Structure formats: structure tokens, C-alpha cells
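Note sheet for the following structure.
Number of protein chains: 2
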Amino acid sequence: MELHEAKDKFIQAWGAFGSQWGINRSMAQVHALLLISPEPLSTEDVMEQLNISRGNVNMNLRALIDWHLVDKVLKNGERREFFQAEKDVWKIATNITRERKKRELEPMVRLLGELKQTTGTSAEAKAFKQTATDLHDLTSRIDAVLERSARSDVQWFLKAASTLLR
Amino acid sequence: MELHEAKDKFIQAWGAFGSQWGINRSMAQVHALLLISPEPLSTEDVMEQLNISRGNVNMNLRALIDWHLVDKVLKNGERREFFQAEKDVWKIATNITRERKKRELEPMVRLLGELKQTTGTSAEAKAFKQTATDLHDLTSRIDAVLERSARSDVQWFLKAASTLLR
DNA sequence: TGGAACTTTCAAATAGTATTGAAATATAAT
DNA sequence: ATTATATTTCAATACTATTTGAAAGTTCCA
């Protein structure tokens with residue numbers, strides 16, 4: 043496959059993949075573009091290559107920086123800001139995991155912890171409490187595993203897990 | 043907290059959580075409702091409790107069945123179909139994992155495998171191939187871990203992983 | 001066989017989300 | 001201080017996804 047075609051396929055696929063997981067398409071595409079670019083790119087570069095507006099690029103670059111997936115870099119003698127993606131895929135995975143855990147999983151664990159203590163003795167109340175308890179156990183456990191794998195090294199974790207499960 | 047309030051909170055939260063992960067809100071809410079219901083519910087029941095249309099309920103129940111998260115059950119003497127959720131949270135986690143892996147992760151792994159073989163020797167081509175290779179390694183590894191943990195038992199896996207990472 | 005009960009379909013409406021682009025703001029150079 | 005360049009904001013718009021609801025389809029029973 044030729045580079046041009048391959049780049050394009052990758053950007054499209056990464057965008058589609060992201061949107062299936064609740065990450066907006068443009069953000070995923072900007073990320074993809076920066077991932078495969080050996081040099082940092084300017085806002086203008088991203089606009090041109092992806093054919094999206096200045097506002098859109100700006101907003102998504104800021105979001106990517108917020109997720110620690112992209113850094114601003116300054117070139118000397120250049121007024122504009124340039125942007126480069128974190129290239130280490132393990133770091134990428136860790137950062138995404140850490141953010142989503144913090145923003146989505148932790149609040150859910152907290153809520154389930156509260157819901158476990160619902161009052162009532164009816165069949166309905168019992169079923170509810172059981173579900174809340176089970177889900178709380180599951181989510182806490184996932185939370186704990188992610189916490190530890192984010193702290194330590196994801197690569198090592200995956201290797202260890204593969205071995206464990208052989 | 044009272045049951046009524048707790049149920050409501052749970053359904054809302056599960057719906058919001060789902061939509062952050064690319065699962066539509068109604069589907070997640072129908073799932074939540076069935077999860078906390080000790081008895082199977084009819085289409086009509088779900089319509090009333092969630093205030094959503096017949097068509098919507100029907101479509102999402104079918105989707106949940108497709109994901110193996112909900113089963114049709116027949117009550118004898120009853121013409122209507124009833125629906126009950128799988129209550130074992132480990133099975134729920136396994137089924138969701140299995141489906142998403144199959145539908146989303148596997149195609150991505152396949153694509154990255156192809157993209158690794160892109161032609162070209164420019165800096166751009168090299169950066170591209172490196173990224174594709176790294177991502178292919180990462181996604182394949184995740185794929186392998188999920189494959190094994192889906193085959194075996196998720197609970198055991200999480201316990202083992204927690205221990206490993208202590 | 002007719003018709004009541006229930007389920008499914010799908011085009012149209014609605015709601016939700018993302019994107020644009022131009023104005024406002026900020027920053028740097030002269 | 002003025003101008004040129006770059007960045008940010010945000011109301012308007014475009015786009016996508018979801019939901020509705022009525023019609024069509026199916027199944028069961030008398």
C-alpha cells in the first residue's frame with residue numbers, strides 16, 4: 043500500500059474507532075494525524091490536511107492536550123505554536139485509561155457504593171441491592187486493576203496477564 | 043436512600059455511562075431497568091417505566107438480546123413475551139467484552155497489520171510505519187488478553203491481576 | 001377463517017452533537 | 001503605539017443519531 047493511501051485509511055479508521063468509544067471523530071483524527079507525523083504540525087497544517095475549520099482544530103487540540111496525548115512545542119524564530127503527539131503507545135494507553143477512569147469509572151463506583159445502602163425489604167428492593175452490590179464489586183475491582191496498571195507499566199501488565207491466562 | 047429514588051438514579055446513571063462509551067442511552071436504560079427487576083418485564087412494562095415508545099423498546103430489546111445481555115422468556119398462559127437481564131455481572135462483562143472485541147478491536151488489529159507493510163523510505167513513511175507497528179503490537183496484545191480472559195473466567199482474571207500488581 | 005393481541009418495521013420528526021467561520025481577544029514585531 | 005499575526009470564543013448551522021408512532025406483519029385462539 044502507498045503511504046498516501048495508508049495515511050488516509052489510518053486517519054479515517056482511527057476516527058471511526060474513536061467515535062465508537064465516545065471520542066469525537068475530529069479529535070481522534072487530529073490525534074491520528076499527529077501520531078503519524080514525524081514533525082510537529084501547526085494549526086494551519088492540521089486544517090489543511092484534514093479539511094476542517096480553525097475553530098474545530100483549536101478545540102480538539104486543546105482537548106488532546108488536556109488528555110495529555112499532545113504537547114505544544116515552540117520552534118524558535120516561529121511565532122506560531124506547533125503540536126506533537128506522544129508517540130509511545132504505552133503512554134497513550136495509560137493516559138487514556140487514567141483519564142477515563144477518573145472521569146467516568148470513579149463516579150460510577152461512588153454512586154454504586156451509595157446505592158448499595160438503599161432501604162427496603164421487598165423483592166424489588168432486594169434485587170436492586172443485589173445488583174448494586176455486584177456491580178459495585180465488579181467496578182471497584184476493575185478500578186483497582188486499572189489504578190495499579192496505570193501506576194506501573196502497562197506493557198509489563200499485559201505480558202504478565204497473558205502469561206497468567208495461558 | 044429510598045428505593046424509588048435509587049432506581050431512578052441508577053437508570054439515569056447507567057444510561058449516561060453507556061453513552062459515554064458509545065452505547066445508546068435508551069439501550070443502557072432498558073438494560074438497567076431489567077437488571078434491577080426481579081421479574082421479567084414485558085414491552086409494555088418497559089415503555090411505561092422509562093416513558094419511551096414501543097418502537098424504541100422493541101429495537102433496544104432486540105439489540106440487548108443480540109449482545110446476549112437479555113433473554114426472552116415465556117410465561118405460560120401468557121401470549122406476550124417477557125424479557126429478563128442476565129444478572130451475573132461477570133457474564134455481563136464477558137459478553138460486552140467479547141462483542142466489542144469482535145466488532146471493533148479485531149477489525150482494527152487487522153487494518154494495522156496491513157498498514158505496517160506500507161511502502162516508502164521517507165521520514166514520513168518511517169514515522170507512519172513505526173506508529174502502525176507499535177499500535178499493532180499494542181492492540182494485538184490487548185486482543186490476546188481479552189480473548190483469554192473471555193474464555194476463562196473474568197473474576198479469576200481480575201483477582202489474579204490484582205495480586206500480580208500489588 | 002376472522003379478528004384480537006402482540007411484535008416489527010421504517011419514514012418522518014426530534015433531539016443531540018459537532019463544525020463552521022467570523023468577531024473578539026491576545027501576542028509579538030516594528 | 002500601531003500593525004500584523006496568531007489564537008480563542010461562540011452563535012449559527014450542519015450533521016448524525018435517536019425516537020416516535022402509525023402501518024404492516026405475525027401469531028394465536030375461538
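So the sequences go chain by chain: A and D.
Add 42 to the 1-based position in the first sequence for our numbering, that's all there is to it.
Add 42 to the 1-based position in the second sequence for our numbering, that's all there is to it.
All C-beta atoms in this analysis are idealised placements derived from N, C-alpha and C, irrespective of residue type, glycine included.
Remember, predicted model here, so these are calculated numbers, not experimental data.
Residue i: first and last residue of the uninterrupted beta strand (DSSP E) it sits in
i                 : result
Leu116 of chain D : 112-116
heavy atom of the ligand ADP below 7 Å from residue i C-beta
i                : result
Val72 of chain A : Of the ligands one can find in the structure shown there are none, so the ligand ADP has no counterpart to examine.
Supposed close pair residue i, residue j - CB separation, criterion 8 Å
i                 : j                 : result
Ser84 of chain D  : Phe59 of chain D  : The pair is not a contact, with the Cβ atoms about 26 Å apart (cut-off 8 Å).
Glu166 of chain D : Leu45 of chain A  : 7 Å
His73 of chain A  : Ala127 of chain A : 6 Å
Ala174 of chain D : Leu157 of chain D : 4 Å
Ser79 of chain D  : Ala70 of chain D  : Rounded, the Cβ-Cβ distance is 15 Å, inconsistent with contact.
Leu75 of chain A  : Ile53 of chain A  : 6 Å
Trp63 of chain D  : Gly155 of chain A : In fact, because the Cβ distance is near 20 Å, the residues do not count as touching under 8 Å.
Ala22 of chain D  : Arg140 of chain D : In this structure chain D extends from 43 to 208, so residue 22 of chain D is not present and cannot be described.
Where the alpha helix (DSSP H) containing residue i begins and where it ends
i                 : result
Glu123 of chain D : Careful: Glu123 of chain D lies outside any alpha helix (DSSP H), inside the beta strand (DSSP E) at 123-127.
Met101 of chain D : 96-108
Leu137 of chain A : Sequence inspection shows Asn at residue 137 of chain A; the Leu mentioned does not correspond to that position. Start and end: 131-142.
Gly155 of chain D : 148-157
Met69 of chain D  : 67-77
Classification of residue i by the beta-carbon crowding that lies within 10 angstroms, buried from 16 upward
i                 : result
Ser95 of chain A  : exposed
Lys117 of chain D : exposed
Gln159 of chain A : exposed
Ser164 of chain A : exposed
Trp56 of chain A  : buried
Asn93 of chain D  : exposed
Val112 of chain D : buried
Val115 of chain D : exposed
Trp198 of chain A : exposed
Thr161 of chain D : exposed
Thr136 of chain D : buried
Lys201 of chain A : exposed
Asn100 of chain A : exposed
Of the residues the options, the one placed nearest residue i, counting alpha carbons only
i                 : options                                : result
Met89 of chain D  : D:Glu81, D:Ala105, D:Ser68             : D:Ser68
Lys143 of chain D : D:Ala48, D:Asp185, D:His110            : D:Asp185
Leu188 of chain A : D:Asp87, D:Ala203, D:Glu189            : D:Ala203
Arg183 of chain A : A:Arg145, A:Lys51, A:Met150            : A:Met150
Ala48 of chain D  : A:Ala169, A:Ile107, A:Trp198, A:Thr181 : A:Ala169
Thr181 of chain D : A:Val131, A:Gly155, A:Asn98            : A:Val131
Pro82 of chain D  : D:Arg145, D:Leu103, D:Ile138, D:Asn66  : D:Leu103
Asp87 of chain A  : A:Arg122, A:Ser194, A:Trp109           : A:Arg122
Trp109 of chain A : A:Asn98, A:Gly119, A:Ile134            : A:Ile134
Gln91 of chain A  : A:Asp50, A:Arg190, A:Lys171            : A:Asp50
Asn98 of chain D  : D:Glu120, D:Lys129, D:Asn66            : D:Asn66
Residue i (DSSP reduced to helix, strand or coil)
i                 : result
Ser61 of chain A  : helix
Ser164 of chain A : coil
Ser84 of chain A  : strand
Glu120 of chain A : coil
Met89 of chain D  : helix
Glu44 of chain A  : coil
Ser194 of chain D : coil
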